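In terms of the working numbering, the sequence shown opens at residue 2 and continues consecutively.
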Amino acid sequence: MSLHLRLLLGFLIGLATGLVVHVGAGADSGWLQVLTTYVTQPVGQIFLRLLFMLVIPLIFSALVLGVAEMGDIRSLGRIGGRTLVYTVVVSTIAVVIGLVLVNLFRPGDGIDPQVAQSLISDAAERAGTIVASSQQAGGIGMIVQIVPDNVIRAAAANDIIAVMFFALIFGIGLVATDTPGTARVKEFFQGVFDISMTLIHGVIRLAPYAVACLVFNLAAQFGWDLLVKLAGYVGVALLAMAIHFFVVYSIAVRWFGGMSPLAFFRGSQEAIVMAFTSSSSNATLPTALKVAEEELKLPPRVSRFVLTIGATANQNGTALFEGVTVLFLAQFFGVELSLLQQLTVMFVCILGGIGTAGIPSGSLPVIAMICGMVGVPPEGIGLILGVDRLLDMSRTVLNVTGDLAAAVVVSRGSGEAPSDTA
């Protein structure tokens, strides 16, 4: 049985048993408190701790490699620079669309605040120093604190933004320094990334059991309200992805890439279908390379570079999904996020989109990390894992199509765009 089917089965078992308990025994039942305290909650917490354990090495190595693979400093300054700017701008637009729609429709509102508050205390204690320090500093002080004075201390304090900033700077330094030693350093970080991915795969194998426990806890507490909130969450996430897919990408390829949106989407069909069925940007990469050269007629030198980097570093759909999910869970658990906190979430989602592995459920550690950072119970990810199959397929389509759109835009900016695409 595939992982997605096992996740769905775990979700359904946890949901069904939780609803039965909620209706039959009630959320305050004594035996239920014993079961959640000594069985289901510890299982879920161990799963989340395993994810948190791997966040720093995974994101740091992915970001360093994402920048380092841009080649030499000249490529970084030209094609790499354009790709990076495009990625940041379009990912920002994607996250903003998601945050606006979640704030507009508020799919997570309506849960009993007292019940929700009972699940927040543990996460609030683990909330990272990023939001707290940014609230204290404010304005220019928040920008200053992005630059760590001690990256080891920043990692120990779970200051993820500071760690990400150092990873980006380190990657640029790795590109700018062409020596045998730096080649070995790059190999070292490739090894760290490979090891982290192997461990992530192992941890995700435990996800169906953790999902069953996490969803059982939530269903027993919230009852049928849970299903209504999940339907609203899925609807808002898909609406945000559709707007970004049809509106933002059309504008990007027409205005900045000089290509007809209709021709772009028609030529990208094979890659879009592959992305939807595989739920993996990395698995779709060979098809995307073929589409870029044979259907979109893009110059191979540019398309191969942009698409290879983009499979890991240009994850618009993942950034959008992470932002929508964190705000939905914040609403669900009654955690009010200020504008500054939402901007912090947006910033981390953009960088998280660059450092997220292009595999199914690759965004899971980042979402758990962001939730813990802003005081949202990370166990809420059990909810979204149960309905994640459709969203995973959809955001992968957004990621892969975004890579192809980036290749179109960067090709024109490099002066190598085909003349028959307008």
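For every residue, glycine included, the Cβ atom is placed at its ideal position computed from N, Cα and C.
Just so you know, these numbers come straight off a predicted model, no measurement behind them.
Looking only at Val-401, Thr-18, Gly-236, the smallest Cα-Cα distance to Phe-246 is reached by Val-401.
Of Val-349, Arg-390, Leu-399, the smallest CA-CA separation from Gly-318 is found for Leu-399.
Using a Cβ distance threshold of 8 Å, Leu-365 and Leu-6 do not count as a contacting pair.
A straight-line Cα-Cα distance of about 26 Å links Leu-328 and Leu-207.
In the assembly as shown, Glu-188 is an exposed residue. Its beta-carbon has fewer than 16 other beta-carbons within 10 Å. A contact is defined here as three or more CB-CB pairs under 8 Å, and the region 167-185 fails this definition with respect to the region 26-42. DSSP places Asp-226 inside the alpha helix (DSSP H), whose first and last residues are 226-244. Excluding residues up to 5 positions away in sequence, Ser-197, Leu-200, Ile-201, Val-204, Pro-366 lie with their Cβ nearer than 8 Å to the Cβ of Leu-55 in the same chain. A residue is called buried once 16 or more other Cβ atoms fall within 10 Å of its Cβ, and Glu-295, having fewer, is exposed. Assignment of Ala-155 by DSSP, reduced to helix, strand and coil, places it in the helix class. Listed in chain order, the alpha helix (DSSP H) elements of length 4 or more contained wholly in the region 7-62 are 31-36. Under the 10 Å beta carbon count, Ser-282 is surrounded by 16 or more other beta carbons and is classified as buried.
For the 8 Å CB-CB criterion, Leu-338 and Phe-12 do not form a contact.
Rounded to whole angstroms, Leu-308 and Ser-62 show a C-alpha spacing of 19 Å. Counting every other CB atom within 10 Å of its CB across the protein chains shown gives Gln-270 a total below 16, marking it as exposed. Listed in chain order, the beta strand (DSSP E) runs fully inside the region 244-292 amount to none, counting runs of at least 3 residues. Here DSSP, grouped into helix, strand and coil, assigns Pro-108 to coil.
Here DSSP, grouped into helix, strand and coil, assigns Gln-191 to helix. For the pair Val-44 and Ala-211, the CB atoms are nearer than the 8 Å cut-off. Residue environment analysis places Pro-287 among the exposed positions, since fewer than 16 neighbouring C-beta atoms fall within 10 angstroms of its C-beta. Counting every other CB atom within 10 Å of its CB across the protein chains shown gives Gly-403 a total of 16 or more, marking it as buried. Burial check for Lys-230: the Cβ neighbour count within 10 Å reaches 16 or more, so the residue is buried. Taking C-beta separations shorter than 7 Å and ignoring five residues to either side along the sequence, Asn-151 has no partners in its chain. Within the same chain, and ignoring the five residues on either side of Gly-224 in sequence, the residues whose Cβ sits closer than 6 Å to its Cβ are His-23. Straight-line spacing of the CA atoms in Arg-255 and Met-242 works out to 19 Å. Under the three-state reduction of DSSP, Thr-180 is assigned to coil, being neither helix nor strand. Here Arg-413 carries a helix assignment [DSSP, helix/strand/coil]. Using a 10 angstroms sphere on the CB of Ser-3, the tally of other CB atoms stays under 16, which defines it as exposed. In this chain, the alpha helix (DSSP H) harbouring Asn-218 covers 208-223.
The continuous stretches of alpha helix (DSSP H) do not include Gly-376, and DSSP gives it neither H nor E. The C-beta separation of Leu-175 from Ala-69 comes to about 4 Å, placing the pair in contact by the 8 Å criterion.
The alpha-carbon of Leu-340 is positioned some 26 Å away from that of Ile-57. The continuous alpha helix (DSSP H) containing Asn-317 extends over residues 317-333.
When Asn-315, Gly-268, Leu-290 are compared, the shortest CA-CA separation from Arg-305 is found for Leu-290.
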